[in-house]
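For the sequence shown, the numbering used here begins at 853 and goes up steadily by one.
Glycine included, every Cβ here is placed at the ideal spot set by N, Cα and C.
Below: one structure, written as structure tokens.
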Amino acid sequence: MIILSSMLILIGATLPVMARSVRYASEFNQAQMLVMHKIAQLQEAGYSNIEGSKLNQNNLKIIDGTGTSPLNNSNGDVSATVEFTTTDNLWRYFPGGMTSLGAQDTTSATRPRGYIFIEPFTPSATTSGGVTTYSLIRVTIVVQWWGWGSVTQMHHYSASTLISKTLVQ
């Protein structure tokens, strides 16, 4: 009876920890899938469309809003940060994104967010006639969310890729 009681207490103590681990793994997995999807979209869009002004035009719908920066990135030398929180409905996938009625919570500081950081890839720089151009752009995608029942612990997942100016056949 003592052994059985001890085992039941031990199992009861580990269940909440296991449940929290499963929830976090699920959230992390979801973030990873969203980031990989966004990378695929950007790679498909191609180098010439990696401008804030083009990422939501021509049926691309990659970012929120119109994305005003960089306005011209033909040389690949302008950095920018754009958001894709609304475009990809991140509020549906993570805690803190929905109201108690199941609608998007647009006012909460704890709602999930997605960002794309665009920057020139310096090792690919070439200079000719005083003009520096880059054959690669580095794109980093970040998804941030707050854990279940915690507004003090932000989680994030990020990944980077390089987008080439020329297609490799």
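- Under the three-pair Cβ rule at 8 angstroms, the segment 887-894 counts as touching the segment 989-1001.
- In the three-state reduction of the DSSP assignment, glutamate 903 falls in the coil class.
- Listed as beta-bridge partners of arginine 965 by DSSP are Gln996.
- Residue Thr985 holds the alpha-carbon nearest to the alpha-carbon of serine 1016 among Gly999, Thr985, His1007 and Trp998.
- Judged by DSSP secondary structure, tyrosine 876 falls outside any beta strand (DSSP E) and instead within the alpha helix (DSSP H) spanning 854-897.
- Cβ-Cβ separation between phenylalanine 946 and isoleucine 968: approximately 18 angstroms, too far for a contact (criterion under 8 angstroms).
- Here DSSP, grouped into helix, strand and coil, assigns serine 987 to coil.
- Nearest to valine 930 by C-alpha distance, out of Ser1010, Thr974 and Met853, is Thr974.
- Here lysine 906 is buried: its Cβ has 16 or more other Cβ atoms, across all protein chains shown, within 10 Å.
- Going by DSSP, valine 934 is part of the beta strand (DSSP E) stretching over 932-935.
- In the DSSP assignment, serine 1016 forms a beta bridge with Leu988.
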